[in-house]
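This report refers to the structure that appears directly beneath it.
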Amino acid sequence: MSRLAAFLVILSRQLFWLAAFGLILAALYVSLGRQLVPLVAEYRNEVQEKAQAALNMPVTLGRLEGRWEGFAPKLLAHDVLLGEGDGAMRLDRVAIVPDLAASLWVRGLRLATLELAGVHLSVAEDAGGKWRVEGLPERTEQPPPDPQKLIEALQQVRRLAVLDSQITLEPFGESPLTLSYTDLGLRVDNERLRLDARSILPDGQPLALRVQGRVQAQRWQQAEAQLYLSLPQSDWAAWLPRRLTADWNLHSVQAGGELWARWSKQQLERAVLRLNAPQLNASFADRAPVQLEDLAVEAYVDHTEKGYRLLLDRLAFDLQGERWGDARILLQQNQGEQHWRLQADRLGIAPIATLVGGLAPLPPAATETLSTLQPSGTVRNLRLDYHPAMDSPQRLRFAANLDRINFAAQNWIPAVGNASGSIQGDLAGGELRLDSDDFSLHLAPLYPEPWHYRHGAGRLTWTLDDRAFTLAAPYLRVDGEEGKIAGDFLIRLMRDPEAEDYMDLRVGLSDGDAGYTEKYLPTKSPALSPALVDWLKAAIRGGTVEQGYFQYQGALSKNASDSARSLSLYFKVRDAELAFQPGWPVLRQGRGEVLIEDSGVRVRLAEGRILDSRVYDATADIPHAGSGKVPQLSVKGKVSSSLPDALKLLQEAPIGTGEIFAGWQGQGQLDGALDLQIPLGKGTPRVIVDFSSRDATLRIAEPALGFEQLRGDFRYDTAQGLSADDIQARLFGRPVRGKAVATGSPGKPASRVEARGDVGLKQLLKWLEVEQPLPASGELPYQLRLDLAGENSQLQIDSSLQGLRIELPAPFGKTAGVRRATSLRMSLQGAERRYGVQYGTLAALAFAAPPGAWAQGRGELRLGAGAANLPARTGLYVRGRLAELDWKAWQAVLDQHGKGDPQQATGSLLRQVQVDVGRFDGFGTRIDNLGVDLQRLSNAWALNLRSSLISGAVRLPDAESGVIVANLQHLRLPAATATGEAAGARPDPLADVDPQSLPAMDVSIDQVAMGDDTLGAWALKLRPVSGGVEFRDIALDLKGLRIAGVGGWNGTQTWYKGRLEGRNLADVLLAWGFAPSVTSETFRLDADGQWPGSPAWFAMARYSGSMQPRLRKGQFVEIDGSAQALRVFGVLNFNSIGRRLRLDFSDLFSKGLSYDRLDGNLQASSGVFTTREPITVSGPSSNLELDGKLDMARDEIDAKLLVTLPISNNLPLAALIVGAPAIGGALFVADKLLGDRVARFASVQYDVKGPWQSPKISFDKPFEKPN
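Rendered as structure tokens:
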């Protein structure tokens, strides 16, 4: 035990000293290294030369540095250039750490670390496809590198690193790809290697790679490796060289994923790819691009004993807005048997067809066929076997289950819809077994629409050889809405273009619906003409097919002759609906047979009904027309019908009679026969209908005529018209007899109905719907002519009016025994109806208007001899001449028979009246040769009158509140008659006029005349007021007497307030036929009063109110000579007053009495005037004052006249005047000459009494009046 302890002590001491020695050597080693390694920088040139010799290329070292790190030196070379020129490879830094222990062990150079930093490497491809590093010298005829030596060289470096580097790949003719911030790390541990790489793509996305494995340099072929690659979500389309994609155009490849792979035994043992592509957009050659979105797939590759196995799992993508996916596809290889097998659990055909059509390198014909077929649906349990070594059609075999497969027609390949079942075959042919719901089949070259069925079952086979493609259905059974159908077909399409394609099609139907017959008509076949096809499609409308059969045999070419094909169709129907021609009434409840053969179409109808008519023993034939000819339908049969059905046929059938018989109605039984000849293309049908009526009722719409108890034998021929030899009926409640004559020609049928009868005026007015009483009575004979000729249809009624009494003023009235030829013509068709009326030689009317729109019509009413012409403008125009017009007589007729407002009835239609009246009697006057021109304005009427009595224009507004404006050039009033009748005894000429009926009116007359005397211009305004009318702005010129002011008329009396004025009163008196007894410089009379009656019944004897006369600077003139023959206006007869006062101033004043002014204020009451203030006459020789009253009704005056004369103070005026009037007058003259000596005036008062034209003036008393 002690010896062991001693051994342990000695051992520990030895180990301690050994460790201490080791530490001393290590310290010495490190110290010596740190001192010597920095000296490496002085050997830069030597190292540079050694590197050039080793690498056999130019090498440039910018700076050499030595460091000591740990127990090993570290050599750094900065700014290293490999190669020369602009393309030289540049390294920022090269770091080398030698492995001293390993180097000593193997007695050779071993490196612990080789680190390259900042490498800028550019690898370019030349036109020959060779890659080289830019800047490095090219080595020609250099053998390929030996993998063993390369691996041995790598094993001499324990760690190789490339840091912060940039690698640029430049494919020839493509854009370069730069990988930046590239880090590579290779660790070598004998046979084990691990490579880690990371880089940044141009879009900033990271790329990562890791490879690890085991390899022996001598057996490098038996290396094992595992790989992991991480691809970011980048768009790879721009970085892939075009030579890799060939004819595929990658527009966008936005994809990313992960890849795991294992290599062993010189082969790929397993690989897994997980790929996600948000968007892939690619195309092949010049085809349209195909875009996939959200592509996801997991791919597994495994190596088995028989070969490789590829599984695509969870394959899904979006295509054209639809998600397709979660498919599972398996591809297996059997290398021993040279066999490939493709299996898929479920595949959508439509997306695959889209991808194949857009991206597969197919020939154009195949691509076009695929595009035309447009396949869709789902394939389940697909199995595809391919034996590339076989040289027979069995080298490619397939089998699958089909689920609702659809594809369109391609030439004679039929289109199929919703086909479900199973399919199997090879390159030489195959078989399709169908068991489908909602199944459809379409033979496009023969049928325009596919056949749809609720269920279909059968077998479809095809074969393909060097001669032809044959498609056959040995048996098909379908169940559709039309019934149960069974059939078969065979289609053989020859490869030789000169050979004839052939089809054999048979379809049988039982207990079917005839309405589906059109479905099985090969309407696109040349064997059926288009016209026949259209007729068959429209003719067979419905019914029950007890038995039906269709067969087509023969050539498929459109250019084949008729003998090269055969077509037959047969139906035995009941309760059939058959439309012989579009627009014709449908035949219902038909029972018969339909047979279609090469020779044509035959329909045998035992019985049926058209409308409510029974048709029996009828046939319909369409013979084969031949090429270029139009088939024609011939229908013949017997009919038991009614008048409503016959009219409906004429109105609705397309035979061109709809407008003629529009609106006709009737009742009654008809029996006849029907014969129709109808072209099935362009052409006019011909219809011949024979029918008999015994007690029918017929009502015509235009004109509205109702025939009762209609009897006759009729024929209607569309090529001629309606004809009947003898027609008997009742019209307007009375018998009528006539005939019908067909007057048309082919294409223009026409008929003329002629009838004679008589009618009472009451029945005629009731027919015309005239409720207003007319000034006529009695009955009248007529001759009716109704022309039915389409747009030229018209009605004409002629009558002598004998038996009709017309109570109208001359010249329009007549007695019942007088004949007056009258005719009425009216058109019955067209957009504009025309009317013509001729009333003897007294009036004619031509009028045209759209139906029911009289306000839009146009016409002319011609009065007197002459024809009425239809104007081009809308509205009614009245023109002509009347010999006489008695307004009172016409007013009486209107009062008795007129109802309603004529303006309302014709105001919107009447446009102009231009009538010359030979003699007009009305409004208390007679006017000869009166011209009336009434024209319509936008909102008023313009009336122009032309005659010797009146001429001018009157504007009559439409609005009730409007003002009538009359602007007359002249108005001639009747001359005053000198009958001597007192004014008060004359009747009121306007007694019958109601002033409340007078409208608002502005009157302006340029010249008013009374007889041959011109009065002057007149103007006034009439305004209706409560109870009457008011006159405003009166401005009348009566031969120099101007009247102004306002007035009014309320029916019982007239009032006036205004002024009468003028210049020289003598001129006015002379103009009115009075003696010019008074002259004046100006005169006026202000009046404010009223009188009973109208304004025209004014008389001084009826006047009540005030009058204020005023005259200035005139003379009361003594009348002598020729002037004495004129009347003297009594009130102004101061000449008589002077004589009666024995005043004579002729020596000084030319036989007259001068005055400076005359003023007065009179108040009247019913013609009795009383001076409210005396009438004063102031003059240079005397002053007169008249005070009292004047009774104009009794022609009396009772007044006091005061005469004042200037005299001398010492001569009493009274004595002079009473005793010596001559001396008094002389003194008066002297006083006027010596006026400054007159101190005062002296006055004398007289009594004035008696008739006011010649009153008695007597002296009353003298008196003096202070001056």
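Using UniProt numbering, read the sequence shown as starting at 1 and increasing by one per residue. Glycine included, every Cβ here is placed at the ideal spot set by N, Cα and C. Source: prediction; values computed, not measured.
Please report the straight-line C-alpha distance between residue i and residue j, rounded to a whole angstrom.
| i | j | result |
| --- | --- | --- |
| lysine 519 | tyrosine 570 | 14 angstroms |
| phenylalanine 1060 | glycine 1040 | The sequence given here has leucine at residue 1060, not phenylalanine. Computed Cα separation, rounded: 10 angstroms. |
| arginine 752 | lysine 648 | 21 angstroms |
| alanine 889 | alanine 810 | 9 angstroms |
| aspartate 203 | leucine 464 | 54 angstroms |
| serine 908 | proline 1092 | 42 angstroms |
| lysine 572 | leucine 476 | 23 angstroms |
| valine 770 | glycine 1048 | 44 angstroms |
| lysine 1261 | valine 1244 | 6 angstroms |
| threonine 743 | histidine 624 | 34 angstroms |
Just mark residue i as buried or exposed, buried being the case when its beta carbon has 16 or more other beta carbons within 10 Å.
| i | result |
| --- | --- |
| threonine 906 | For threonine 906, the pLDDT reaches just 48, beneath the cut-off of 50, and the residue's location in the model is therefore unreliable, leaving the point undetermined. |
| asparagine 56 | exposed |
| serine 1165 | exposed |
| isoleucine 1217 | Any reading at isoleucine 1217 needs caution, since the residue's pLDDT is 43, under 50, leaving its predicted position unreliable; the model's value is listed next. When all chains shown are included, isoleucine 1217 counts as buried. |
| glutamate 1030 | buried |
| glutamate 860 | buried |
| asparagine 1183 | buried |
| alanine 844 | buried |
| glycine 852 | exposed |
| glycine 836 | buried |
| glutamine 1124 | Low local confidence applies: a pLDDT of 45 at glutamine 1124 is under 50, so the model's placement there is unreliable, and no value is given. |
| serine 793 | buried |
| proline 987 | exposed |
| isoleucine 24 | exposed |
| isoleucine 1175 | buried |
Quick one, which of the options has its alpha-carbon nearest residue i's?
| i | options | result |
| --- | --- | --- |
| tyrosine 502 | Ala560, Glu174, Ala810, Pro363 | Ala560 |
| tyrosine 516 | Lys1261, Phe847, Asp496, Pro450 | Pro450 |
| glutamate 1196 | Ile1175, Val1203, Ala662, Gly1167 | Gly1167 |
| lysine 1200 | Ser510, Lys1189, Arg242 | Lys1189 |
| glycine 458 | Tyr616, Asp466, Asp488 | Asp488 |
| threonine 168 | Tyr181, Ala161, Leu160, Gln156 | Tyr181 |
| leucine 396 | Asn406, Arg404, Gly425, Pro375 | Gly425 |
| methionine 1192 | Ser1243, Asp1247, Ile622, Gln1253 | Gln1253 |
| serine 252 | Gln233, Glu482, Gln669 | Gln233 |
| serine 1077 | Leu273, Tyr1155, Asp921, Ala41 | Tyr1155 |
| aspartate 933 | Leu882, Asp345, Val878 | Val878 |
| glycine 672 | Phe661, Ala618, Ile700 | Ala618 |
| leucine 490 | Ala539, Trp412, Val478 | Trp412 |
| residue 1278 | Ala1019, Val133, Ser199, Arg219 | Because the chain spans 1 through 1267 in this model, residue 1278 falls outside it and cannot be assessed. |
| serine 823 | Ser800, Leu808, Leu842, Gln254 | Ser800 |
| lysine 682 | Trp535, Lys739, Ser642 | Trp535 |
Looking at residue i: is its Cβ nearer than 7 angstroms to the Cβ of residue j?
| i | j | result |
| --- | --- | --- |
| histidine 442 | alanine 468 | no |
| glycine 85 | proline 58 | no |
| alanine 408 | valine 379 | no |
| aspartate 1159 | arginine 1110 | yes |
| leucine 698 | phenylalanine 707 | yes |
| alanine 117 | arginine 93 | yes |
| glutamine 48 | leucine 28 | no |
| leucine 114 | leucine 160 | yes |
| tyrosine 716 | valine 741 | no |
| methionine 89 | leucine 121 | yes |
| leucine 268 | leucine 280 | no |
For my contact list, residue i and residue j are in at a C-beta cut-off of 8 angstroms; report their separation, rounded to the angstrom.
| i | j | result |
| --- | --- | --- |
| valine 188 | arginine 158 | 6 angstroms |
| alanine 1101 | leucine 990 | At roughly 18 angstroms, the Cβ-Cβ gap does not stay under 8 angstroms, so alanine 1101 and leucine 990 are not in contact. |
Mind checking whether the beta-carbon of residue i lies closer than 6 angstroms to any heavy atom of the ligand SAH?
| i | result |
| --- | --- |
| glutamate 500 | What this structure holds is no ligand at all, so the ligand SAH is not there to describe. |
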